[in-house]
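Below is one structure, written out as structure tokens; the observations come after it.
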Amino acid sequence: MRASTFQTLIIGLLCLAVAGLSGGLYNQYQRVAELQSTNTQHLQTLDTLQHDSSALKDAQEKLQYALKDLKQMVDTGEQQVKTLDPMLDQWAQEIQELRDGLAARATQADLTALRPRLEQVEQQLLEHKTQPSPPPLTPSATKPKKTARPKPTPLSPPFSVLSVESRGGERFLAIAPHDSRSLTDVRLLHSGEHLGTWHLKVLEPNSAIFAVAAQPDQTVHLP
Numbered sequence: 001m002r003a004s005t006f007q008t009l010i011i012g013l014l015c016l017a018v019a020g021l022s023g024g025l026y027n028q029y030q031r032v033a034e035l036q037s038t039n040t041q042h043l044q045t046l047d048t049l050q051h052d053s054s055a056l057k058d059a060q061e062k063l064q065y066a067l068k069d070l071k072q073m074v075d076t077g078e079q080q081v082k083t084l085d086p087m088l089d090q091w092a093q094e095i096q097e098l099r100d101g102l103a104a105r106a107t108q109a110d111l112t113a114l115r116p117r118l119e120q121v122e123q124q125l126l127e128h129k130t131q132p133s134p135p136p137l138t139p140s141a142t143k144p145k146k147t148a149r150p151k152p153t154p155l156s157p158p159f160s161v162l163s164v165e166s167r168g169g170e171r172f173l174a175i176a177p178h179d180s181r182s183l184t185d186v187r188l189l190h191s192g193e194h195l196g197t198w199h200l201k202v203l204e205p206n207s208a209i210f211a212v213a214a215q216p217d218q219t220v221h222l223p
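With the first letter of the sequence shown counted as 1, position 86 gets the number 86 in the UniProt record's numbering; the numbers rise by one all the way through.
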């Protein structure tokens, strides 16, 4: 075999070997790239899982705190109920005692109020039994004696009568409080009007007739 042919063969084999190595390297590079991409995806998924795990952990801690507060509230409510139950029982007992006491006091007060009246009635019965029977009345004694009725004492009005004034053809009685020296205190009364319990019924030429509650009519002379 010639030397040139042998060299050509060696070069061809070397080319084939380089081509094979290049293809293998390329395939290895693609595999490495795919592995890196897959690793990146896995890292992203891991980060997401870690983030979700942290959020879940925070939520779990908040829930534990809420459960702790709720338990504390329940314990406080139970303690309050335990404290209030004896107080309610005591209050109910005190209310019942007050009712019984009021009923007893009312009965005792009634008896105390009735005792003097009973004693008075008994005393009147005893006096009635011990009094001698009155002698029979004679005809002269049976005649009732006529007694003169006392005249009612006229009342003094709670005001001073000043004069009679005419306004628009109507007569008015000018009055003022006692010891008053101000014109602003002067008041004009027309028939039918009143000052306190004194009601002006009729205004006559020389007097004024007043109706007073629970009293006979009062005549006040005009100045």
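Ideal Cβ positions, reconstructed from N, Cα and C, are used throughout, including at glycine.
Closest option to P157, judged by alpha-carbon separation, among T112, I209, P205, E165: I209.
Here L9 is exposed: its Cβ has fewer than 16 other Cβ atoms, across all protein chains shown, within 10 Å.
Looking at the DSSP output, T219 bridges to I209. Rounded to whole angstroms, the separation of the alpha carbons of H190 and S182 is 21 Å. Exclusion of the five residues before and after H178 leaves P158, F159, S160 as the residues of its chain whose Cβ lies within less than 8 Å of its Cβ.
Around the beta carbon of F6, fewer than 16 other beta carbons sit within 10 angstroms, so the residue counts as exposed. Taken atom to atom, the span from the alpha-carbon of P223 to that of S163 is near 6 Å. Boundaries of the beta strand (DSSP E) around F172: 170–176. Secondary structure of S54 (DSSP, three-state): helix. By the beta-carbon neighbour count (other beta carbons within 10 angstroms, threshold 16), L200 is buried. DSSP places S156 in the coil class of the three-state scheme, outside both helix and strand. Going by DSSP, R187 is part of the beta strand (DSSP E) stretching over 187–189.
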